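Asks: Please see the structure below; I have some questions.
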Amino acid sequence: MRQSVRIWLQAKPRHVFDVLKFNNVLCNLAGLNIYRFVGNPTNGVARLSAAKIANCVIVNLLLVFIAFVHANIPYEYLNNGSIIVTYGIRTLLVAGMFGTGIVIIFYAWNWRSVLRFLQELNQVDLTVLMKHPVDLATHKKQILLGSGLCLILHQSILLTYNAQTVMHIRERSASWKMVFGQFYFNVVYFSIVCLFFSFLYIVSFRFVHLNQVLQVRFDTSNGERYASLVAENNYRSGTVQERIRVVQKMATIYHQLTKITSQMNQQFADMLTMNIVVILLFSVFNVFALLKVYGSNDFRTRMFSMFNLVGGLYYTLMFLIIVALSQMVSQEVRYAYKLTGVLLHKAMNNETNDELIRSMRLFSRQIRNRSAAIGSRQIVIDWSFIFQVRSM
């Protein structure tokens with residue numbers, strides 16, 4: 001069993017679905033995916049699965065049960081003299097269950113579009129110049145490493161929280177219900193956050209890869225073009241027509257990636273932004289609650305407030321990583337950096353053939369007229385300002 005799991009995790013990925021198979025397992029367990037593939041996932045047809053639909057229903061019923069448990073936490077466990085804190089914690093816990101259920105239903109209903117998005121991304125990987133394939137093995141390793149480290153930290157916080165709950169709530173029935181509720185909810189929500197992280201990773205690094213190919217195939221150095229620099233890379237040689245075809249293929253790939261990014265925004269951006277806003281509000285309330293009850297003798301309420309704050313800060317950290325990945329797309333192709341356009345203009349400065357320069361200029365206009373960006377259409381947050389403040 002252990003060896004088969006190790007082989008499954010270490011198997012060399014053939015396509016983007018293999019890169020995301022760990023996340024696919026989490027999504028299946030969390031009820032986000034209610035479809036199964038008929039045939040190869042890269043070109044197969046997604047059909048509804050009765051077993052996965054039943055799993056989605058069970059997941060949501062358990063969330064409703066957990067919401068009922070949190071709504072009926074004995075009053076004396078949260079009675080610290082502050083009505084706002086007492087009912088605020090209870091309301092946040094109940095609302096979190098129903099909010100997570102809504103997210104699950106939304107993605108279960110739209111999961112076929114998510115699968116179509118992955119199939120189109122796989123087609124982009126196939127059209128990339130075969131001398132420069134996307135490094136799927138590294139992507140898989142990075143996603144597993146990032147998700148694994150986050151999961152270890154997540155479970156450490158959760159186990160400490162649940163141990164404190166069992167120790168300080170003497171009524172065993174109530175304490176174990178709360179333990180189950182916290183564990184189940186956080187595993188489901190962690191699966192949703194990992195979904196955001198993985199999808200943003202694979203999209204953002206496709207743009208990074210495109211720029212790397214541009215630097216390999218053309219001379220993007222500043223100043224004079226040194227013969228030694230060109231000689232050390234055979235990819236920069238070839239006829240003018242071959243190099244023009246390379247530029248045209250890169251322009252096609254850029255157009256496909258921009259289209260995929262737009263589709264991704266439709267599926268993820270608004271939901272991601274709403275989750276970020278909710279987590280920030282949750283953390284702010286728990287800071288207020290902790291300050292409110294810090295001087296009281298009610299250790300249980302302090303414990304709830306402290307661990308809720310730690311959990312909120314943990315998810316805030318994960319969302320900051322996700323936002324950094326989304327900003328990577330903007331840094332590569334859009335905002336002040338416009339790295340793709342800069343590299344392209346450097347390459348034009350080092351070319352002498354008019355036809356090749358003309359094809360590069362058309363590619364540059366395409367970038368200027370339509371730049372990819374990951375972000376919500378409904379809520380706009382000045383993330384660049386936030387990251388500047390964070391780095392000060």
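Counting in UniProt numbering, the sequence shown tops out at residue 392, every number present.
Glycine included, each C-beta is placed from N, C-alpha and C at the ideal position.
Please read all numbers here as calculations on a predicted model, not as lab measurements.
1) Per the contact definition of three or more C-beta pairs closer than 8 Å, is the region 322 to 329 in contact with the region 195 to 215?
2) Okay, do the region 179 to 193 and the region 55 to 71 touch, 3+ Cβ pairs below 8 Å being the bar?
3) Taking the alpha helix (DSSP H) that residue 245 belongs to, which residues open and close that run?
4) Could you tell me how far apart the beta carbons of residue 309 and residue 290 are, in whole angstroms, since I believe they sit closer than 8 Å?
5) Within 8 Å, do at least three Cβ pairs link the region 243 to 257 to the region 280 to 289?
6) Would you list, in sequence order, the uninterrupted alpha helix (DSSP H) runs of no fewer than 4 residues that lie entirely inside the region 157 to 236?
7) Just to check my reading of the structure: residue 213 and residue 356 have Cβ atoms closer than 8 Å, yes? What is that Cβ distance to the nearest angstrom?
8) Please classify residue 11: does DSSP put it in a helix, a strand, or coil?
9) Count the other C-beta atoms from every protein chain shown that fall within 10 angstroms of the C-beta of residue 173, then say buried if there are 16 or more, exposed otherwise.
10) Residue 231 to residue 105, Cα distance in whole Å?
11) Taking the alpha-carbon positions, what's the residue 127 to residue 138 distance?
12) Between which residues of its own chain and residue 351 is the CB-CB distance below 6 Å, once the five residues before and five after are set aside?
13) Look at residue 89 and residue 304 and say whether their C-beta atoms are less than 7 Å apart.
14) With DSSP as the reference, please indicate the residues paired to residue 432 in a beta bridge.
15) Taking residue 216 as the reference, give the member of 47, 18, 347 with the closest Cα.
16) How would you write the range of the alpha helix (DSSP H) that residue 270 sits in, first residue to last?
17) Quick one: residues in its chain with C-beta nearer than 7 Å to the C-beta of residue 6, no 5 flanking neighbours on either side, listed in chain order?
18) Rounded to the nearest angstrom, what separates residue 17 and residue 73 at their Cα positions?
19) Suppose only complete runs of 4+ residues qualify. What are the alpha helix (DSSP H) ranges in the region 69 to 114, listed by chain order?
20) Can you tell which of 341, 256, 140 has the C-alpha that lies nearest to the C-alpha of residue 121?
21) Just the Cα atoms here: how many angstroms apart are residue 153 and residue 359?
22) Here's the rule I'm using: 16 or more other beta-carbon atoms within 10 Å means buried, otherwise exposed. How should residue 111 be labelled?
Replies: Taking the definition as stated:
1) yes
2) yes
3) 240 to 264
4) 6 Å
5) no
6) 172 to 217, 227 to 231
7) The Cβ separation is near 16 Å, so there is no contact.
8) coil
9) exposed
10) Reliability of the predicted coordinates at residue 231 is poor, the pLDDT of 48 falling under 50, and the value obtained from them is presented with this limitation in mind. Approximately 56 Å between the Cα atoms of the pair.
11) 19 Å
12) 357
13) yes
14) Residue 432 is absent from the model: the chain starts at 1 and stops at 392.
15) 347
16) 270 to 293
17) none
18) 42 Å
19) 75 to 78
20) 256
21) 50 Å
22) buried
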